[in-house]
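Only one structure is covered here, and it is reproduced in the block below.
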Amino acid sequence: MDKLIVTGGATLKGSINISGSKNASLPILAATILAEDSCIIRRVPDVSDTNYMIQILNKLGVHVERSSGTVRTNPENIISEAPYDLVRKMRASICIMGPLLARTGRAKVSLPGGCVIGDRPIDLHIKGLEALGATVEMEGGDITLTAPEGGLVGATINMRGKSGPTVLGTDNVMMAATLAKGTTVIESAACEPEVIDLADFLNSIGAKITGAGTRTITIEGVERLGGIEHHVIADRIEGGTFMIAGVMASEGITLNRVSRNELKSVEKVLLDAGHIVEFNEAGDSVYVAPGKDPKGFQIITEPYPGFPTDMQAQFSALAVITPGISVIEDTVFPQRFMHCAEMKRMGADMQVDNGQAVIKGGKPLSGAPVMASDLRASAALVLAGLCADGDTHISRLYHIDRGYEHIDEKLLQLGAKVARVRE
Ligand code: UD1
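Position 394 of the sequence shown, counting from 1, maps to 499 under the numbering used here, and the rest follow consecutively.
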């Protein structure tokens with residue numbers, strides 16, 4: 106297992122390119138199950154989650170080749186049973202359920218367990234696929250969905266759960282509905298940019314989807330889907346994470362290949378906290394630098410276009426070094442505060458209660474051995490380490506490798522002092 110040693114105090118400078126989006130790549134890769142011809146997907150980040158998805162596709166009968174950021178898929182004899190040993194490694198593998206069901210009439214997938222960011226149910230995914238006519242059986246930790254004799258049939262489905270819409274649930278139903286008979290209307294759909302990117306991909310292989318990016322998505326079922334070349338959108342969470350690195354540990358850095366539209370809520374909080382954020386006219390490059398008089402801030406996570414839960418932990422790291430009081434509330438995953446206990450070991454003053462962290466910032470941090478608990482929590486620990494006095498040893502680095510492409514190399518490129526070592 107690898108760990109990352111971050112030596113605090115270096116001043117970052119220069120520029121880097123932001124990678125393609127992990128969260129857009131995963132459902133788009135899963136959607137190639139639906140295609141009858143080959144697809145070329147570009148800008149797929151080289152992270153372990155996309156690697157797991159590619160392995161799952163290979164086992165399901167999609168021939169996949171990967172070179173650099175380009176993935177070529179060629180669906181051959183698709184089988185409907187996903188291998189447990191691969192599926193269990195990544196919760197997002199649940200998004201193969203919709204395409205498998207639509208393409209083969211059956212999908213057998215292991216149920217994802219809970220994870221450190223809380224209980225993560227899939228009731229809405231199941232509700233949506235049942236509404237299209239699927240029958241559902243659960244046995245031995247597996248879920249088996251079966252389409253009716255004549256195939257899935259379009260329906261009107263409300264995907265709202267108690268914490269708002271579901272992203273991968275919306276994706277699953279949208280993918281299944283592309284090959285259903287008639288029209289499907291998804292109400293209370295997730296509006297995330299990754300849902301739009303998936304719909305763009307599906308439309309380019311022949312689907313008829315309108316309304317992606319709004320709360321109502323309409324899908325007219327078609328007979329078959331073909332193949333295409335697609336470029337995945339920029340990773341707004343990686344972009345946001347490096348924006349925070351820019352205000353925490355630099356005199357100014359530039360991030361290229363971003364998309365301003367998708368970073369608005371992050372930009373707003375950084376500006377409110379007194380920092381400098383300057384996008385170019387095209388909105389695809391941003392300069393970030395620390396402000397002269399930073400102040401505490403307030404965040405409430407919400408479904409897009411609200412503030413993303415996937416940026417909450419990284420902003421907690423910023424709050425810890427910012428004078429004044431910051432309040433961070435996570436309404437999407439209220440249990441997602443594991444990083445706080447680790448940051449306290451570095452000297453952070455933070456109280457977590459009932460889905461909310463109150464942070465008294467501005468105290469110096471000191472390097473310590475800390476443990477990554479999930480993907481974004483590990484990014485927060487790296488950010489804290491950049492500003493701490495001495496060395497921070499972050500173990501369980503596999504969490505960060507799930508979703509940040511070559512993070513140590515990008516940090517080195519910016520002048521950070523980091524080293525990846527074997528534990
Ligand atoms: C996706 C993202 C993840 C992000 C999350 C919320 C990917 C691969 N992952 O995960 O990085 O943190 O969106 O923005 O894109 N819920 C239910 N029932 C369900 C499904 C979800 O109650 O059937 C609840 C969840 O517990 C949570 C909320 O809905 O409170 C949103 O979760 P959801 O949007 O489904 O997250 P994912 O799509 O799994």
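Ideal Cβ placement from N, Cα and C applies to all residues, glycine included.
Exercise for the section: With a threshold of 7 angstroms, establish whether the CB of N128 neighbours any heavy atom of the ligand NAP. Expected result: Annotation note on the ligand NAP: not contained in the displayed structure, which lists the ligand UD1 as its ligands.
Handout entry: Inter-stretch contact (C-beta, 8 angstroms, three-pair minimum) for the stretch 491 to 504 and the stretch 343 to 356
Key = yes
Handout entry: Per DSSP, the bridge partner or partners of R527
Key = The residue you call residue 527 lines up with position 422 of the sequence shown. The beta-bridge partner set that DSSP reports for R527 consists of D107.
Handout entry: Burial state of R527, where buried means 16 or more other Cβ atoms lie within 10 Å
Key = Here residue 527 refers to the residue found at position 422 when the sequence shown is read from its first residue. Exposed.
Problem - Cβ contact check for the stretch 328 to 337 and the stretch 356 to 363: 3 or more pairs under 8 angstroms - result: no
Exercise for the section: Following the continuous alpha helix (DSSP H) through I512, name the residue where it begins and the one where it ends. Expected result: As a position in the sequence shown, residue 512 is number 407, starting the count at 1. That run of the alpha helix (DSSP H) goes 512 to 518.
Practice task
Return yes when the C-beta of S355 is under 7 angstroms from any heavy atom of the ligand UD1, and no when it is not.
Solution key: Counting from one through the sequence shown, the residue named residue 355 turns up at place 250. Flag unset: Cβ of S355 not near the ligand UD1.
Problem - Residue from V192, S172, G396 whose Cα sits closest to the Cα of L165 - result: Within the sequence shown, residue 165 is the residue found at index 60, counting from 1. For L165, the nearest C-alpha among the options comes from V192.
Practice task
Have a look at L307, P413, R525 and flag the residue whose alpha-carbon is nearest the alpha-carbon of E141.
Solution key: Here residue 141 refers to the residue found at position 36 of the sequence shown. Of the candidates L307, P413, R525, the one whose C-alpha sits nearest the C-alpha of E141 is L307.
Handout entry: Burial state of D377, where buried means 16 or more other Cβ atoms lie within 10 Å
Key = Residue numbering aside, residue 377 sits at position 272 when the sequence shown is read from its first letter. So D377 counts as exposed.
Practice task
Report buried or exposed for T271, applying the criterion of at least 16 other Cβ atoms within 10 angstroms of its Cβ.
Solution key: Here the question's residue 271 lines up with position 166 in the sequence shown. Result: buried.
Practice task
Identify the continuous alpha helix (DSSP H) that holds M353 and give its terminal residues.
Solution key: Along the sequence shown, read from residue 1 onward, the residue named residue 353 stands at position 248. Where M353 is concerned, the enclosing alpha helix (DSSP H) stretches over 341 to 354.
Exercise for the section: Could you work out which residue in G174, V152, M280 is closest to T137 when comparing CA atoms only? Expected result: Within the sequence shown, residue 137 is the residue found at index 32, counting from 1. Closest by alpha carbon: M280.
Practice task
Examine the Cβ distances between the stretch 194 to 211 and the stretch 366 to 382 and report whether three or more of them are shorter than 8 angstroms.
Solution key: no
Problem - The alpha helix (DSSP H) enclosing R481, as first and last residue numbers - result: Looking up residue 481 in the sequence shown gives position 376. 480 to 492 is the span of the alpha helix (DSSP H), which, as asked, contains R481.
Practice task
Answer yes or no: do L139 and T323 have a C-beta to C-beta separation smaller than 8 angstroms?
Solution key: On the sequence shown, position 34 is the one that residue 139 refers to. On the sequence shown, position 218 is the one that residue 323 refers to. No. Outside cutoff.
Problem - Contacts around R171, its chain only, beta-carbon distance under 7 angstroms, and the 5 residues preceding and following it disregarded - result: In the sequence shown, the residue the question calls residue 171 occupies position 66. Correct list, in chain order: I159.
Exercise for the section: Identify whether I404 lies in helix, strand or coil by the three-state DSSP scheme. Expected result: Here residue 404 corresponds to residue number 299 of the sequence shown, with the count starting at 1. Three-state result, I404: strand.
Handout entry: Bridge partners - K465, DSSP secondary structure assignment
Key = One-based indexing of the sequence shown puts residue 465 at position 360. I430, D454.
Exercise for the section: Leaving out five residues on either side along the sequence, give the residues of the same chain with a beta carbon under 6 angstroms from the beta carbon of Q461. Expected result: The count along the sequence shown starts at 1 and reaches residue 461 at position 356. Excluding positions up to five away in sequence, the list reads E434.
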